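All remarks here apply to the structure that follows.
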Amino acid sequence: HEERAIYRIAVAATDNGNPPRQTVRLLRVEVLDLNDNRPTFTSSSLVFKVREDVPVGYVVGNVVTSDSSDGDNLVSGRAGGGHVMYTLTALSPQDGEDAFDMDRSTGSLVVARQLDRETQSEYKLEVRALDTSTSNNPQSSAVVVRVDISDVNDNAPRWPKDPIVISVSEDAAVGSAVWNFTANDADAGSNGEMRYSLVSTWPKVSDPVFSVDPLTGTLTLLTPLDYETLTEYTLVVKVTDQASNISDRLSSSQTVKILVQDTNDNRPVFVTPSKTVHVSDSAEPGTPLTRLIAVDRDFGENARVTYVISAGNEDGKFVLGYTSGVLSLSRPFGPTDNKQNAGARYRVNITASDHGTPVPRHTTTTLTMVVQGTTENPPRFVHSMYHASVSEDATVGSFVVNVAAGPPSSETVRVSNHTFHIPQGVAEDKFTV
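Residue numbers for the sequence shown follow our numbering, so the first one is 4 and each next one is one higher.
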């Protein structure tokens with residue numbers, strides 16, 4: 004039927020008379036159609052593309068079929084054809100039927116729920132067309148439909164954690180990489196490309212301390228660090244995607260704390276004001292002669308100072324507190340009537356060492372003890388050490404402690420002929436007397 008539906012035939016009947024006679028009759032033969040052709044899709048496979056932000060009900064595309072049969076067996080995939088019924092089956096993923104719906108009569112493929120490319124970027128569906136003619140021999144065919152989900156810039160870059168805490172040694176070389184920032188963007192293409200930038204640095208300094216490479220996210224040191232000047236920095240780093248439309252670009256920021264780690268880059272410094280100590284020739288063993296103080300601007304073990312007599316005490320006349328720095332008499336100078344001691348001078352080298360690693364740092368000073376007769380003794384403080392506590396919010400001029408001095412043999416302290424001062428540089432000149 005699909006090749007030729009009507010045949011016209013001339014039939015002649017002839018007798019055997021003489022002359023023969025003949026009659027001709029015209030016949031019209033119509034070939035009746037059977038439903039022997041299945042619906043045919045215009046392509047063996049179909050591909051549709053749709054943005055992930057289209058609304059529910061959006062028409063992704065139309066599936067078109069044709070059928071060679073006629074009459075009640077005629078099949079059309081166009082809207083209103085009415086002879087084809089379409090069904091939808093998900094091939095991958097299995098829940099694809101929930102994402103799309105098929106108009107059973109028109110063959111329109113529509114979005115059934117909100118799409119998300121980051122969750123599923125491609126769907127494979129099978130669309131089957133079944134003719135619904137009155138024939139008792141229904142025919143059907145199927146086509147594979149692939150739906151590609153196009154990306155929309157609906158995800159901002161994300162940091163793996165917030166905040167980030169980085170420890171950097173104060174001896175880190177200028178130009179060295181301190182950290183590599185790595186953010187993630189679930190979008191695709193330029194929507195997923197990222198650029199990094201340094202938004203702010205606190206505290207504010209005159210010269211930039213750090214920089215961030217916009218492409219790699221590498222944090223680089225620009226100026227030397229000094230723990231003793233500044234122990235901590237707080238940075239704000241931003242990452243921005245590169246959507247083609249600048250107005251569509253999304254960004255997120257990250258707080259970064261830089262902790263400067265101390266290194267043993269400072270040696271102890273003696274702050275003891277005088278390198279000459281006057282000692283009574285009648286001083287007894289155990290008498291404190293002076294206290295040496297050395298300070299180290301480093302931190303922790305790098306700043307812990309201990310003291311030793313490194314030279315000049317071969318006869319063991321003096322003893323030095325390892326941690327206190329108090330120098331005391333170990334052996335007497337001799338009887339008070341032995342004038343050979345008066346005016347004698349002893350020179351000892353005192354070495355202050357920190358406990359930094361890998362190599363401790365040292366400082367040595369020379370201390371001179373001048374032995375004086377009893378009548379020549381200078382004033383002495385009543386106590387070899389005074390202790391006081393001061394609140395951090397104490398106002399200028401607040402009382403801290405009272406010190407007193409007088410001759411060692413005097414039980415009554417008189418200060419009328421004495422003057423007191425604090426050597427320059429001691430305790431950062433924060434106190435006065």
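Even for Gly, the Cβ is constructed at its ideal location relative to N, Cα and C. Being a predicted model, the structure only gives us computed values, none of them experimental.
Check: The beta strand (DSSP E) spanning Asp104 covers which residue range?
Finding: 103-105
Check: Can you check whether the CB of Val274 is closer than 7 Å to the CB of Val374?
Finding: no
Note to self: Determine whether the beta carbon atoms of Glu235 and Leu262 lie at a separation below 7 Å.
What the structure shows: yes
Check: Which whole-angstrom value describes the C-beta separation of Val202 and Val240, a residue pair presumed to lie in contact below a C-beta threshold of 8 Å?
Finding: 7 Å
Check: What residues match up with Gly20 in a beta bridge as DSSP calls it?
Finding: Answer is none; Gly20 lacks a bridge partner.
Next item on the list: Decide if His86 is buried, meaning its Cβ has at least 16 other Cβ atoms within 10 Å, or exposed.
Entry: buried
Checklist line | Arg161 versus Ala246: straight-line alpha-carbon distance, rounded | finding: 15 Å
Checklist line | Cβ distance (whole Å) where Val308 is taken to contact Ser356 below 8 Å | finding: 7 Å
Next item on the list: Over the uninterrupted beta strand (DSSP E) stretch that includes Gly328, give me the two end residues.
Entry: Looking at the DSSP string, Gly328 is not in any beta strand (DSSP E), and its letter there is neither H nor E.
Item checked: Opening and closing residue of the beta strand (DSSP E) in which Ser392 lies -> Ser392 -> no beta strand (DSSP E), and no H or E assigned at all.
Check: Whose CA, out of Ser256, Asn194, Pro291, lies closest to the CA of Ile249?
Finding: Asn194
Check: CA-CA distance, Arg149 and Ile9?
Finding: 42 Å
Checklist line | Spatial distance of Tyr2 from Val351 (CA atoms) | finding: The chain is shown from 4 up to 436; residue 2 falls before or after that span and cannot be answered.
Margin query: Suppose you measure from the CA of Phe384 to the CA of Val280; what does that come to, to the nearest Å?
Written below: 13 Å
Notebook entry, point to check: According to DSSP, what are the bridge partners of Val168?
Noted result: Lys260
Next item on the list: Identify every run of the beta strand (DSSP E) within the region 156-231, keeping only runs that are complete inside it and at least 3 residues long; order them along the chain.
Entry: 167-172, 180-183, 197-205, 213-215, 221-224
Notebook entry, point to check: How is the beta strand (DSSP E) around Arg348 delimited, first residue to last?
Noted result: 348-356
Note to self: Let me check one thing: in DSSP terms, what residues is Thr26 bridge-paired to?
What the structure shows: Ala16
Item checked: For Ser47, the three-state DSSP class (helix, strand or coil) -> coil
Notebook entry, point to check: Taking Cβ to Cβ, would you say Leu330 is nearer than 7 Å to Phe321?
Noted result: yes
Next item on the list: Using a threshold of 7 Å, state whether the C-beta atoms of Glu129 and Ala145 are closer than that.
Entry: yes
Item checked: Whole-angstrom distance between Pro141 and Met88, CA atom to CA atom -> 11 Å
Next item on the list: Tell me whether Thr185 is buried or exposed, calling it buried when 16 or more other Cβ atoms sit within 10 Å of its Cβ.
Entry: exposed
Next item on the list: Check Asn65 in the structure and name its three-state DSSP category.
Entry: strand
Margin query: I need the straight-line Cα distance from Ala15 to Arg41, nearest angstrom please.
Written below: 40 Å
Next item on the list: Using 10 angstroms around the beta-carbon of Thr243, count the other beta-carbons present and answer buried if the total reaches 16, otherwise exposed.
Entry: buried
Checklist line | C-beta contact flag for Ala408 and Pro382 at 7 Å | finding: yes
Notebook entry, point to check: For the putative contact between Arg348 and Thr371, defined by C-beta atoms under 8 Å, what is the C-beta separation to the nearest angstrom?
Noted result: 6 Å
Check: Is Pro227 buried or exposed, if buried means 16 or more other CB atoms sit within 10 Å of its CB?
Finding: exposed
Next item on the list: Indicate the three-state DSSP secondary structure (helix, strand or coil) for Ser255 in the structure shown.
Entry: strand
Checklist line | First through last residue of the beta strand (DSSP E) which encompasses Lys127 | finding: 125-134
Checklist line | Inter-residue Cα distance where the pair is Ser108 and Arg31 | finding: 37 Å
Next item on the list: Classify Ala246 as helix, strand or coil using the three-state DSSP reduction.
Entry: coil
Item checked: C-alpha gap between Thr237 and Pro211, whole angstroms -> 13 Å
Item checked: Straight-line Cα distance separating Phe51 from Val63 -> 7 Å
Item checked: Which of helix, strand or coil DSSP assigns to Ala430 -> helix
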